[in-house]
Every structure is written in C-alpha cells, then in structure tokens.
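K.L.:
Sharing a structure, written as structure tokens. Questions coming.
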Amino acid sequence: MARIPDLDDMLRDWPYEPSSVSVRKAKGKDGRDIIQMRIEMGVLQLETVGRPDGDRPEGHQTFYDYLMSLSLQTDEMTMTEDQCAEADREFVQFYHRRICWLAIREFERAKRDADHTLGLMDFCRKHSPDESWTLTHEQYRPFVMFHRIQAATLMALEDEDAELAIEEVNQGLSRMRQFFGEFEAEEDFEENELVARLVELRESVREKFDVGRTLEEQLVDAIASEQYELAAELRDRLSGRED
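Residues 480 to 722 (the working numbering) are what the sequence shown spells out, left to right.
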C-alpha cells in the first residue's frame, strides 16, 4: 500500500500561535494563488477567488450567486433545509477568508468578502424559513460590519486619505446604529464593544494625522445647531468634492 503523505514537516516548520492569526500566501501545483491559515491541529487552505473551498454550486461562483439565480425564477421563495445548511457553510468559509485577508493586509479583498457575507445575510433574512434561523446570522451582522468598516478605513489610510478614513468609520457607525435600532436595541449601541473599538480607531486616526472635524461632521454640527446657511455651503463643498 502506498504511503499517504502527512503534514508533519509543514506543521513543525510553521508552529501554531494561539495569540494571533497565522496566515501565508502560497501557490498551488498549477501555479494558482492560494492562502493558508495555521490552526491548532492543522492548516486550512483557501482559494483566493470564488468560494474559499473552490466549489462551484450548480455551476455558479458561490452559493449566494446560485440562490440569487433561483430567486429570479419565482415570485416567492423560502429556503429549504438543505439550502440553509449550505448557506451556513458559505458563511463560515467567507469568515475564515475574511480574517485571513485582514491578517495579511489585503483590505480590498477583506471588504469584498464582507460585502458578500452581508449580501448573503440580506438574502437569508428575506427568504428564511423561520425567525430563529434568521437570528442565528443576524446576531453576527455587527461583527461582519465591523470587519468591513475596518477594511475600508485601512484602505483609505493606505491611500493617504485620513479624512476619508474617518468618514468610513462614521458612515459605518451610522449603519450599525440603524441595525441596532431595527432590533430595538439602540440603547445598547454606545456600550457595544465593536462600536467602542471603531470610535477608538477613528480618534486614533484623527490624532495621528491631525485631522479636525471632517466636512460631513461639520455638516452634522451645522444642522444640529440650525446654522442652515453654513450647512448649505458645506453641502456644496461636499458635492464638489464628490464630482
């Protein structure tokens, strides 16, 4: 019987570090890019495009894409038990790849994977067979949003745009507050650990890069203090910047 190769050498040369996410880029035998994450009892290997496991559900790039194609064929759709289980698998796979991208500072790809997960969450909420299954995902939405905000903010800093980085945090916090409100938990928003970490990130950027109140923050202040002429001027400046 042929000897099945083991991972002894790889695991010995790449020790597990419980206090950090250990990730590296590698090449497959065919030369394609892959990423590997060291876990306590082995290594996870993930594809860099499409689904992290490389599968193509019913010929589609991801299971979310497949679900979207099904939804276009009917006026109403309720996910089956098997579809729910497959969606759960895709959530887990994209979580692992998302934290890998963040660990190796591939922020655009982390943001893209977070957007995929949020889109799949939206689909599952709309077509869920029951509320309890919906809540198993919605409880993690702030965590996915946190990763997306973090990635977008760090992308802006890589582009040397500290003001945009601050705006990414502010816009993300606004979306998170809206989510808390949808579940009648807005009173918990300010005390949420993820919210506190984002506020800390924003203020550290403001201090490190000596950024005062951004135009959008000044606009919010002007409206709150009923300085409508100033608010109109700030809107014009923001519109000109976007153009």
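Note that the Cβ used here is the ideal one computed from N, Cα and C, for glycine as well.
Below 8 angstroms between beta carbons: does that hold for D544 and T527?
P.N.:
No, these two residues do not count as a Cβ contact at 8 angstroms.
K.L.:
Let's see if you can read the secondary structure: which residues bound the alpha helix (DSSP H) around A630?
P.N.:
Segment 620 to 637, the alpha helix (DSSP H) holding A630.
K.L.:
Roughly how far, in whole angstroms, is the beta-carbon of W580 from the beta-carbon of D592, given that I think they are within contact range, below 8 angstroms?
P.N.:
Going by Cβ atoms, the distance from W580 to D592 rounds to 6 angstroms, so yes, they are a contact pair.
K.L.:
Hey, is the region 641 to 648 in contact with the region 619 to 633, meaning 3+ C-beta pairs nearer than 8 angstroms?
P.N.:
The region 641 to 648 vs the region 619 to 633: in contact.
K.L.:
Determine the direct distance from the alpha carbon of E663 to that of E587, and round the result to whole angstroms.
P.N.:
Rounded to the nearest angstrom, the two C-alpha atoms are 32 angstroms apart.
K.L.:
Hey, A582 and V500 are a contact pair by Cβ (cut 8 angstroms); roughly how many whole angstroms apart?
P.N.:
Indeed they touch by this definition, with Cβ atoms about 4 angstroms apart.
K.L.:
Inspect the beta-carbon positions of N671 and P621 and report whether they are closer than 8 angstroms.
P.N.:
The answer is yes: Cβ separation under 8 angstroms.
K.L.:
For L599, which option in D567, E665, H575, M556 has the closest C-alpha, if you only look at C-alpha atoms?
P.N.:
The shortest C-alpha separation from L599 is found at D567.
K.L.:
Can you look up G660 in the DSSP assignment and give me helix, strand or coil?
P.N.:
Of the three classes helix, strand and coil, the one that applies to G660 here is helix, per DSSP.
K.L.:
Can you pull the DSSP bridge partners for K504?
P.N.:
DSSP lists I514 as partners of K504.
K.L.:
Would you mind working out which of E665, T615, M624 sits nearest R676, comparing C-alpha positions?
P.N.:
Comparing Cα positions, the closest option is M624.
K.L.:
When the distance is taken between beta carbons, is S550 closer than 8 angstroms to H616?
P.N.:
Their beta carbons are not under 8 angstroms apart, which means H616 does not touch S550 by this criterion.
K.L.:
Once DSSP output is grouped into helix, strand and coil, what is the label at E519?
P.N.:
Three-state DSSP puts E519 in coil, outside helix and strand.
K.L.:
Measure the C-alpha to C-alpha separation of E639 and V690 and round it to an integer number of angstroms.
P.N.:
Distance between the alpha carbons of E639 and V690: 12 angstroms.
K.L.:
Just to check my reading of the structure: E665 and R656 have Cβ atoms closer than 8 angstroms, yes? What is that Cβ distance to the nearest angstrom?
P.N.:
With 8 angstroms as the limit, E665 and R656 qualify as a contact, their Cβ atoms being about 7 angstroms apart.
K.L.:
Report yes if the C-beta distance between P531 and F573 is below 8 angstroms; otherwise report no.
P.N.:
Yes, Cβ-Cβ distance for P531 and F573 is below 8 angstroms.
K.L.:
Measuring alpha carbon to alpha carbon, tell me which of M516, D509, G510 ends up nearest P497.
P.N.:
Per the Cα distances, M516.
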